[in-house]
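Read in order, the letters of the sequence shown correspond to residues 292 to 421 in the working numbering. A virtual CB, placed ideally from N, CA and C, is assigned to each residue, including glycine. Predicted, not measured: the structure shown is a model, and the values here were computed from it. First comes the structure, then the notes that go with it.
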Amino acid sequence: MVTRIRTAAGVALALGVLASVGLAGCTQPDDAVQGVARAACEQRMGPAIVAWWRDQYDETPWKVVDTRGSGVQEASDSSSAATVLDVSGTSSVQRDEVGQRTAVRWSCAARYSSADPQTVTATVEEITLR
């Protein structure tokens, strides 16, 4: 399953990063693009963690909380046609309304293309217990 986020700010930000990467050979995305990639992955992770938890433990958790992306960097498989940002982060799974939380780590790939920089596609790569 994939999450797509389309924003006007994303267009301007992605175009700015593409220009900066093309001109300066820079590999670290700027803060605004990192924010868009982080948001796309954070939005995608809640439902993915619920499905993963259900597969692992044969139960549906009450909710997933405190989802935060903690690192964003350009992936090695980025190209001139598409930029891939690796996003890592953490979340907590709460099994029931008053239960303790279990921490999980996750990683996600956020992609956008030079042809359509306003659409960011987030794909879950890994979910593990922390």
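Within its chain, find whatever has a CB closer than 8 Å to the CB of residue 361; leave out the 5 residues flanking it on each side and keep chain order. 379, 380 and 381
Taking only the alpha-carbon atoms, compute the straight-line gap between residue 398 and residue 342 and give it to the nearest angstrom. 15 Å
Thinking residue 369 and residue 363 are a contact (beta carbons under 8 Å), I'd like their distance in whole angstroms, please. Not a contact, Cβ separation roughly 13 Å.
For the pair the region 345–362 and the region 381–392, tell me if three or more CB-CB distances fall below 8 Å. yes
Alpha carbon of residue 339 to alpha carbon of residue 322, nearest angstrom: 25 Å
Are residue 332 and residue 401 touching if we call contact CB-CB under 8 Å? A contact, by the Cβ cut-off of 8 Å.
Tell me, which residues are paired with residue 392 by DSSP? Looking at the DSSP assignment, residue 392 forms a beta bridge with 385.
Given this structure, state the Cα-to-Cα distance separating residue 406 from residue 371, to the nearest angstrom. 10 Å
Given that a residue counts as buried once 16 or more other Cβ atoms are within 10 Å of its Cβ, and exposed if not, what is residue 347? exposed
Is the beta carbon of residue 373 sitting closer than 8 Å to the one on residue 404? With a cutoff of 8 Å on beta-carbon distance, residue 373 and residue 404 are scored as near each other.
N-terminal and C-terminal residue of the alpha helix (DSSP H) that residue 417 is part of: Element bounds for residue 417: not the alpha helix (DSSP H) but the beta strand (DSSP E), 410–420.
Where does residue 342 fall in DSSP's three states? helix
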